[in-house]
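Structure, as structure tokens:
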Amino acid sequence: MSILDEPGEWKKHWFVLTDSSLKYYRDSTAEEADELDGEIDLRSCTDVTEYAVQRNYGFQIHTKDAVYTLSAMTSGIRRNWIEALRKTVRPTSAPDVT
Numbered sequence: 001m002s003i004l005d006e007p008g009e010w011k012k013h014w015f016v017l018t019d020s021s022l023k024y025y026r027d028s029t030a031e032e033a034d035e036l037d038g039e040i041d042l043r044s045c046t047d048v049t050e051y052a053v054q055r056n057y058g059f060q061i062h063t064k065d066a067v068y069t070l071s072a073m074t075s076g077i078r079r080n081w082i083e084a085l086r087k088t089v090r091p092t093s094a095p096d097v098t
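The sequence shown maps to residues 1 to 98 in full-length UniProt numbering.
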């Protein structure tokens, strides 16, 4: 999968979903060596949405502080990532039940 960086360039990464974050590495070898390229804190995630991009199949992760744009190779891969992310995140906009 790829992530859109600050200058507007797509960078291919190896992504790993944990309970509280989406970590990304240069490749699977970098993951094994624990050479982290970046991390998206999902504890402040408010939404995960499909997003039209010029290449492949885009989606966005919305957090309190930023919006991250990612691109999957196929629509099926995008759908799987969106579903997995939505199951993992706990939106802060959820009503407080007392």
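Yeah, the Cβ is synthetic: ideal placement off N, Cα and C, and Gly gets one too.
A quick note: this is a predicted structure, and the numbers were derived from the prediction, not measured.
Query: 8 Å Cβ cutoff met for aspartate 41 and histidine 62; Result: no
Query: Closest Cα partner of arginine 25 within the set Asp34, Thr88 and Ser75; Result: One detail in the question is off: residue 25 reads as tyrosine in this sequence, not arginine. Comparing Cα positions, the closest option is Asp34.
Query: C-beta contact flag for valine 89 and threonine 69 at 8 Å; Result: no
Query: Counted within 10 angstroms of its Cβ, other Cβ atoms place serine 71 as buried (16 or more) or exposed; Result: buried
Query: Inter-residue Cα distance where the pair is aspartate 5 and lysine 87; Result: 25 Å
Query: Coarse secondary structure for leucine 17, derived from DSSP in three states; Result: strand
Query: Selected residue, minimal CA-CA separation from leucine 22, among Glu32, Asn56 and Trp14; Result: Trp14
Query: Cβ neighbour criterion (16 or more within 10 Å) applied to arginine 78; Result: buried
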